[in-house]
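**Q** Have a look at the structure that comes next, please.
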Amino acid sequence: MAGERIYAVGRRLADGFEQWLLVALASWAELVVTSSAPGEALAASSGGEYLYVAGLEMLSDDEWQWRVEKRGPDLTLHGVYTSNPSPSWNSALGLGVNPATGHLWVVGYSENGGVFKWRIEILDRELNRIEVLTPDIEGWANGVVFDHEGNAYVYGSAIAKFDEKGRRVAKAKYAGAKAVYAKEKLYLFGDNALYKLDDRLRLIEAVKLETAFGDGKAAFDGENIYAAGHKTQGERKWVIYSIKPFPAPLPPVI
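Residue numbering for the sequence shown follows the numbering used here, beginning at 28 and increasing consecutively.
Next comes the structure, spelled out in structure tokens:
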């Protein structure tokens, strides 16, 4: 959500081909814009007056590249950035705006020789590349959250902390699809578990949830953490969690 609008991104089928889909919802109207890019929009983040969208652009069935779009509140296109680090499957999966520097952190993966590894690209607000981080972590980076000092917590097949300059300062084995930094702690939602970590990524507490978490973000409104997933035991149903981060204990209200 940004301003008075709610934004959603994804894909649609047009003439048998997948295309980026961007939707803006407001109380007075609904505006839908599809970019010309084949592929899928996977994440969005607001930064000031602009919306930034990241995902994959399909060059062919066997070659994907990173794509980042800068759009206005009405979804007018203001800029496009692409990155193709290998002649194979590459995708941006998440992004966020660092509150300390204003820079855009885009995270995802690059595949080379059958091996998927993390890739992080830091851009300015005009989508100019500042730095590329290749931390030699296998798997994929799903998303990124920040603390008030500008440290970045990148999560996916593992969890890693970087300072605002992009230097890695900690790493842990915990995998997750969504995360929130709240009350000086990191809350990581993995399949069937919620992990509470300190700022050095040391485990404080873990709770079994019997829930799988897919695409999308968790959110913190200053009081509660919210995350959506689906049950992995019994009847398959959507679940939305509301969690008090502190000082209440972790077990969620469903």
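Each residue gets a CB set at the ideal place from its N, CA and C atoms; glycine is no exception. Treat the numbers as computed from the prediction; the structure is a model and nothing was measured.
(1) Going by C-alpha to C-alpha distance, which of Lys205, Ala64, Tyr214, Ile33 sits closest to Leu58?
(2) In whole angstroms, what separates the C-alpha of Asn219 from that of Gly170?
(3) Taking contact to mean 3 or more Cβ pairs, one atom from each stretch, closer than 8 angstroms, check whether the region 101–111 and the region 201–212 are in contact.
(4) Nearest-angstrom Cα distance between Lys258 and Val266?
(5) If we count the other Cβ atoms within 10 Å of its Cβ and call it buried at 16 or more, is Phe173 buried or exposed?
(6) Who are the Cβ neighbours of Val50 in its own chain at under 6 angstroms, not counting the five residues just before and after it?
(7) Does the distance from the CB of Ala81 to the CB of Val124 come in under 8 angstroms?
(8) For my contact list, His130 and Leu154 are in at a C-beta cut-off of 8 angstroms; report their separation, rounded to the angstrom.
(9) By the 10 Å Cβ neighbour count, where 16 or more other Cβ atoms means buried, how is Val280 classified, buried or exposed?
(10) Determine the DSSP secondary structure at Tyr268, reduced to helix, strand or coil.
(11) Which complete beta strand (DSSP E) runs does the region 172–244 hold, if anything under 3 residues is left out?
(12) At which residues does the beta strand (DSSP E) containing Gly37 begin and terminate?
(13) Taking the beta carbon of Lys264 as the centre, do at least 16 other beta carbons fall within 10 Å, making it buried, or is it exposed?
(14) Which residues in the same chain have their Cβ closer than 6 angstroms to the Cβ of Phe247, if we skip the five residues on either side of it in sequence?
(15) In whole angstroms, give me the CA-to-CA distance for Trp91 and Leu78.
(16) Is the CB-CB distance between Pro112 and Met85 below 8 angstroms?
(17) If I follow the unbroken beta strand (DSSP E) through Trp93, where does it start and stop?
(18) From the DSSP output, read off the bridge partner residues of Gln46.
**A** The answer reads as follows:
(1) Ile33
(2) 18 angstroms
(3) no
(4) 7 angstroms
(5) buried
(6) Ala35, Val59
(7) no
(8) Not really, about 11 angstroms apart at Cβ, beyond 8 angstroms.
(9) Legend: pLDDT at Val280 = 45, less than 50; position of this residue unreliable, value from coordinates given subsequently. Flag for Val280 reads exposed.
(10) strand
(11) 179–183, 186–189, 195–199, 205–209, 212–217, 220–224, 230–235
(12) 33–41
(13) exposed
(14) Val207, Ala209
(15) 23 angstroms
(16) no
(17) 90–98
(18) Arg39, Pro65
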